[in-house]
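K.L.:
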Amino acid sequence: QIRNKSYEKILNMQLRVLTLNIWGVHYIAKFINRRIEALIEHLKHSDTNYDIVGLQEVWSKRDYIYLRDQLKTIYPHSYYFLSGLVGSGCCIFSKYPIIGTYEHRYSLNGFPHKIQHGDWFCGKLIGLCKILVNGYIVNVYNTHLHANYHHVIPEDIYLGHRICQAYELIQFIESTSGADTTDFTILLGDLNLTNDDLGFKLIEGILQLNDAFYKRINKNVFDPTVGNSGRTCDLLDNPYVKPHPYQGEGERIDYILYRARNDNMKCIEAYPTLHKVPNSSNGLHYSDHLAVYGLFEIDETIPRKQTKPLDNMEIADEKTRNNLRAACIIVEESIQRLQRDRIFFGLGVFILVLILFSFNGNLNSHGYLLTIATVLKDILCLIGISISIWFIVLGKPAERNSLSSIRNAMNIRLRVPHFIH
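Oh and the sequence shown: position 160 is 160 in UniProt numbering, straight run, nothing missing.
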């Protein structure tokens, strides 16, 4: 039963949250089964005592079912977000009842011809679990945005897609976390954005979310096996990470962000954790990412309000507007790139057609090897022509419409006097 009148509590309520990208890509990731077993052992340990756990890259439904079955005595409530050809990879485990779920699959998520990256085949999304915590409605969002494979802006062909995903995330949270229905909002996951990236600034600025790591009260509390830098990925001492020139000492791209309707939630502790598996003989790590842990305290003596005052909901700072204008420019540049892509694929069709009807010779006067080579050439040309025509007729127009939709939504927001979430 949802409490609506009684607020008297002797002690403030605490909420413990954990998020981890488990790197569960079968046939590519190393030691998946052993790492999942180690994670289960950690979550079962009495000292952990997490209330809500969000995982990303659980690409196998079988892995999720195994996690669910092994953890059901501690986390009786869980949900896996199904999407795309291989799933979304996102799931949530909770000690408290999940009373509602909702999800939105991102309209842009990479390119199908970039098979080596694989994002297009995954159903990247933002998922929502509405969780009833001691009478409070807590909206817990779990997401995994498109990866940055280049780490340098001029070569980042996915920048426009990540900006659009960030804006769709903003729209989804705005639409599902109304002040009259949600007490607390928690966004967790692998955003693939540093806190200096434009997409993160939009999420933080428009939604007015607090970064748990920066807002934590006890800044001297951290996992001694990890350190206090906050970095969660591309760490030099992680054996699963392939070094790249722009890596540095790692990045902070995994987050717990939060806000409260009545400003009655404080972050007491927040830090990266789950690095090396304890007592592992061969240096086993939980993942190629670190987990992020957050301990929150909720002041239950503050009565709930039906709505938050409008003054507290207005975001009229010029810095956020400038970030939104910069995002519009990036999306517009992505739209302009599409025309060049269509020309490229058109030239590809022309060249492949020439090759298809060339170099055939007289098959009757040559051996069977030439016949086989010619047939293979024709098959490959037909495949290439079909793929190129698909991009010209279907793929690129669909991408243009998705980019244009996000750009138009951004422009509408820029025309209103205040941002209201």
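All C-beta atoms in this analysis are idealised placements derived from N, C-alpha and C, irrespective of residue type, glycine included.
Considering only residues of the same chain and omitting the five flanking positions on each side of residue 297, which have a CB-CB separation below 6 Å?
P.N.:
Closer than 6 Å at Cβ, skipping near neighbours: 12, 14, 266, 268.
K.L.:
With three or more beta-carbon pairs closer than 8 Å as the criterion, would you say the region 349-358 touches the region 372-383?
P.N.:
Enough Cβ pairs lie closer than 8 Å, so yes.
K.L.:
Measuring alpha carbon to alpha carbon, tell me which residue in 224, 376, 393, 327 is nearest residue 161.
P.N.:
327
K.L.:
Using the Cβ count rule (16 or more neighbours within 10 Å means buried), how would you classify residue 329?
P.N.:
exposed
K.L.:
For the region 52-64 against the region 91-98, do three or more pairs of beta-carbon atoms, one drawn from each stretch, fall closer than 8 Å, so that the two count as touching?
P.N.:
Contact holds: three or more Cβ-Cβ distances are below 8 Å.
K.L.:
How about the region 271-282 and the region 221-230: do they share at least three Cβ pairs that are nearer than 8 Å?
P.N.:
yes
K.L.:
Keeping to the same chain, check which residues put their C-beta closer than 6 Å to that of residue 133; ignore five residues upstream and five downstream.
P.N.:
So the qualifying residues of the chain are 96.
K.L.:
Measure the alpha-carbon distance for residue 401 versus residue 372 and round it to whole angstroms.
P.N.:
42 Å
K.L.:
Within a Cβ cutoff of 7 Å, which residues of the same chain sit near residue 234, ignoring the five residues on either side of it in sequence?
P.N.:
241, 247, 250, 251
K.L.:
Can you tell which of 59, 29, 72, 25 has the C-alpha that lies nearest to the C-alpha of residue 40?
P.N.:
For the set 59, 29, 72, 25, the Cα lying nearest the Cα of residue 40 is the one of 72.
K.L.:
Can you tell which of 31, 202, 65 has its C-alpha closest to the C-alpha of residue 282?
P.N.:
31
K.L.:
Under the rule that 16 or more other beta-carbon atoms within 10 Å means buried, what is residue 229, buried or exposed?
P.N.:
exposed
K.L.:
Does the region 210-217 come close enough to the region 169-176 that 3 or more CB-CB pairs lie under 8 Å?
P.N.:
no
K.L.:
How should residue 99 be labelled, buried or exposed, when 16 other C-beta atoms within 10 angstroms of its C-beta is the threshold for buried?
P.N.:
exposed
K.L.:
Going by alpha carbons, who is nearest to residue 122 out of 130, 58, 77?
P.N.:
58
K.L.:
Please classify residue 9: is it buried, with 16 or more other beta-carbons within 10 angstroms of its beta-carbon, or exposed?
P.N.:
With a pLDDT of only 41 at residue 9, under 50, the local geometry of the prediction cannot be trusted, and no value is derived from it.
K.L.:
Would you tell me roughly how many angstroms separate the C-alpha atoms of residue 208 and residue 345, rounded to the nearest one?
P.N.:
42 Å
K.L.:
For residue 278, I'd like the list of residues in its chain whose CB is within less than 7 Å of its CB, leaving aside the five on either flank, ordered along the chain.
P.N.:
Closer than 7 Å at the Cβ level, and outside the excluded window around residue 278, lies no residue.
K.L.:
Sort 137, 126, 157 by Cα distance to residue 145 and report the nearest one.
P.N.:
126
K.L.:
Does residue 31 come out as helix, strand or coil in the three-state DSSP assignment?
P.N.:
DSSP places residue 31 in coil when its eight states are reduced to three.
K.L.:
Bridge partners for residue 45 per DSSP, in chain order?
P.N.:
Residue 45 is not bridged to any residue.
K.L.:
Sort out for me which residues DSSP pairs residue 94 with in a bridge.
P.N.:
52, 77
K.L.:
Starting from residue 184, follow the beta strand (DSSP E) in both directions and report where the run begins and ends.
P.N.:
184-190
K.L.:
Taking the continuous beta strand (DSSP E) assigned at residue 297, which residues delimit it?
P.N.:
291-298
K.L.:
Hey, out of 404, 203, 137, 19, whose CA is closest to residue 178's CA?
P.N.:
137
K.L.:
Report the CB separation of residue 164 from residue 108 in whole angstroms; it is logged as a contact under 8 Å.
P.N.:
A Cβ-Cβ separation of about 5 Å places residue 164 in contact with residue 108 under the 8 Å criterion.
K.L.:
Distance, Cα to Cα, residue 410 vs residue 75?
P.N.:
39 Å
K.L.:
Quick one: grab the DSSP three-state call for residue 2.
P.N.:
Low confidence applies to residue 2: its pLDDT is 36, below 50, so where it sits in the model is not reliable, and the reading given next is rough at best. Coil.
K.L.:
In this structure, does DSSP put residue 19 in helix, strand or coil?
P.N.:
strand
K.L.:
Can you grab the Cα-Cα spacing for the pair residue 357 / residue 389, in whole Å?
P.N.:
18 Å
K.L.:
Determine the contact status of residue 149 and residue 212, defining contact as a CB-CB distance below 8 Å.
P.N.:
Taking the C-beta atoms as reference points, residue 212 is found no nearer than 8 Å to residue 149.
K.L.:
Does the Cβ-Cβ distance between residue 33 and residue 198 come in under 8 Å?
P.N.:
no
K.L.:
Provide the residue span of the alpha helix (DSSP H) that contains residue 64, from first to last.
P.N.:
61-71
K.L.:
Cβ atoms of residue 253 and residue 290: under 8 Å apart, would you say?
P.N.:
No; because the gap between Cβ atoms is not below 8 Å, this pair is not in contact.
K.L.:
Would you identify the three-state DSSP class for residue 201, choosing helix, strand or coil?
P.N.:
helix
K.L.:
If you check the beta carbons only, do residue 139 and residue 182 fall under 8 Å apart?
P.N.:
Yes, these two residues count as a Cβ contact at 8 Å.
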